[in-house]
Ligand SMILES: Cc1ncc(COP(=O)(O)O)c(C=O)c1O
């Protein structure tokens, strides 16, 4: 992982829209990149706070020594509130019921809340129709409410009409809260795409994940100079010459059509390299790409090369390239799997970072 490029991405992002603060989203182990090193690098670059999905993700970061504010998107059970308080965590209010649970509890000072408003994402937050009925509980918690947030569902699509509708609903709800005397310091509705496409209105912050990791597919992302930071490599553990007719892997789904060099790499689906890439993906080696042959197994996969290519145990091959144009980039791998880059990187297992992820 290239932490210098991560910091450059962060700095480029900050330049896009002067004045709007960036809250890095480091949930799911920073989308598979490694939450602790990512957060450490971004703190040094001036990040003022972070977002995660679960209590445990927040506690892991505290354990690692992160002192900056951390906002937890997901819900906690009431018995977990004291742990959140003791660790100075901020909680997103995921529903009207959750708000009432929080109001019934008597938090002390070190406890922040961000009112999440469901402006059209339809999965989390207070429904706008319920906001009026929540005002009493909101007043009760007023001193603790640090932010108001929402979430775009379609800010990365060519048609931004629904994003515009969500934006207007958010502004309407903010006005309703202002009329009720609530003006929290932080206002944030945008994710990476919403931020890059200028859908921040008068917000103070934007919550950016994918753009920081350089994996947003938007033209705006390229224009802003954002680049991928993750490269996944694995080591050759066995290099052999095989005759035509040799079967490879579970189910013998690959039979060598001619004499070949066969490399076994120490990465498999338990590391997050999808089994669905069996007999479909390529890996990079010394400036060329070669096919993954046979089924990807739990800890290993196999690559076929012409028998003229010299390979040795200890050589490294690139499974996910940082160059977006290469066939084995995260973007193109996601396309091959009919999914999105988020899923490809967040599936990477933590053991990958100890053993295979190269750093530069
Ligand atoms: C509530 C919330 N905010 C922000 C983000 C960051 O989104 P992105 O990675 O598209 O910037 C996410 C990610 O899914 C999210 O769930």
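Residue numbers (this note's numbering): 8 to 367. Quick reminder that beta carbons are idealized off the backbone N, C-alpha and C, glycines included.
Just the Cα atoms here: how many angstroms apart are residue 157 and residue 253?
Taking the chain shown and counting its residues from 1, one reaches residue 157 at position 150. Taking the chain shown and counting its residues from 1, one reaches residue 253 at position 246. Answer to the nearest angstrom: the Cα atoms are 56 angstroms apart.
N-terminal and C-terminal residue of the alpha helix (DSSP H) that residue 340 is part of:
In the chain shown, counting from the first residue as 1, residue 340 sits at position 333. It spans 337-343 - the alpha helix (DSSP H) in which residue 340 sits, taken as one unbroken run.
Is residue 36 close to ligand 1? I mean its beta-carbon at under 7 angstroms from any heavy atom of the ligand.
Position 29 of the chain shown holds residue 36. For ligand 1, not one heavy atom lies less than 7 angstroms from the Cβ of residue 36.
Under 8 angstroms: do the region 34-44 and the region 61-70 share three or more Cβ pairs, one atom per stretch?
yes
Quick check: the Cα distance between residue 209 and residue 191, rounded to an integer number of angstroms?
For the purposes of this step, residue 209 is taken as residue 202 along the chain shown, with counting starting at 1. For the purposes of this step, residue 191 is taken as residue 184 along the chain shown, with counting starting at 1. Each residue's Cα considered, the two are about 13 angstroms apart.
Roughly how many angstroms separate the alpha carbons of residue 104 and residue 338, rounded to a whole number?
If you number the chain shown from 1, residue 104 lands on position 97. If you number the chain shown from 1, residue 338 lands on position 331. For residue 104 and residue 338, the distance between alpha carbons rounds to 39 angstroms.
What are the boundary residues of the beta strand (DSSP E) that includes residue 270?
For the purposes of this step, residue 270 is taken as residue 263 along the chain shown, with counting starting at 1. Taken as a continuous stretch (DSSP letters only), the beta strand (DSSP E) holding residue 270 covers 267-272.
Less than 7 angstroms between the CB of residue 19 and some heavy atom of ligand 1, yes or no?
As a working mapping, residue 19 is identified with position 12 in the chain shown. No.
First through last residue of the beta strand (DSSP E) which encompasses residue 31:
Within the chain shown, the letter at position 24 stands for residue 31. Residue 31 -> beta strand (DSSP E) spans 28-31.
Rounded to whole angstroms, what is the Cα-Cα separation between residue 135 and residue 173?
Mapped onto the chain shown, residue 135 falls at position 128. Mapped onto the chain shown, residue 173 falls at position 166. The straight-line gap from Cα to Cα measures roughly 11 angstroms.
Nearest by alpha-carbon distance to residue 109: which of 225, 241 and 149 is it?
One-based indexing of the chain shown puts residue 109 at position 102. The option with the nearest alpha carbon to residue 109 is 149.
If the criterion is Cβ atoms closer than 8 angstroms, does the pair residue 219 and residue 348 meet it?
Reading the chain shown from its first residue, position 212 is the one you call residue 219. Reading the chain shown from its first residue, position 341 is the one you call residue 348. No, the pair does not count as a contact, with Cβ atoms beyond the cut-off.
Where does residue 257 land, buried or exposed, given buried means 16+ other C-beta within 10 angstroms?
Along the chain shown, one-based indexing puts residue 257 at 250. Residue 257 is exposed by the Cβ-count criterion.
With burial defined as no fewer than 16 other Cβ atoms inside 10 Å of the residue's Cβ, what is the status of residue 366: buried or exposed?
Mapped onto the chain shown, residue 366 falls at position 359. The predicted position of residue 366 is uncertain, since its pLDDT is 42 and thus under 50; a value taken from the coordinates is nonetheless stated next. So residue 366 counts as exposed.
On the CB-based measure, 16 or more other CB atoms within 10 Å of its CB, does residue 235 come out buried or exposed?
Here residue 235 refers to the residue found at position 228 when the chain shown is read from its first residue. Burial call: buried.
For residue 64 and chain B, any beta-carbon pair shorter than 8 angstroms?
No chain B is part of this structure, which consists of one protein chain only.
Which one of 61, 41, 62 and 27 has the shortest CA to CA distance from residue 55?
In the chain shown, counting from the first residue as 1, residue 55 sits at position 48. For the residues 61, 41, 62 and 27, the minimum Cα distance to residue 55 belongs to 27.
Assuming the contact rule is C-beta atoms closer than 8 angstroms, residue 144 and residue 106 should be a hit. Round their C-beta distance to whole Å, please.
As a first step, residue 144 must be located in the chain shown, where it is residue number 137. As a first step, residue 106 must be located in the chain shown, where it is residue number 99. Confirmed, Cβ separation roughly 5 angstroms.
Please tell me whether, using a cut-off of 7 angstroms, the distance from the CB of residue 177 to the nearest non-hydrogen atom of ligand 1 is below it.
Taking the chain shown and counting its residues from 1, one reaches residue 177 at position 170. No.
By the DSSP assignment, the alpha helix (DSSP H) with residue 310 in it spans what residues?
Here residue 310 refers to the residue found at position 303 when the chain shown is read from its first residue. Element bounds for residue 310: not the alpha helix (DSSP H) but the beta strand (DSSP E), 308-313.
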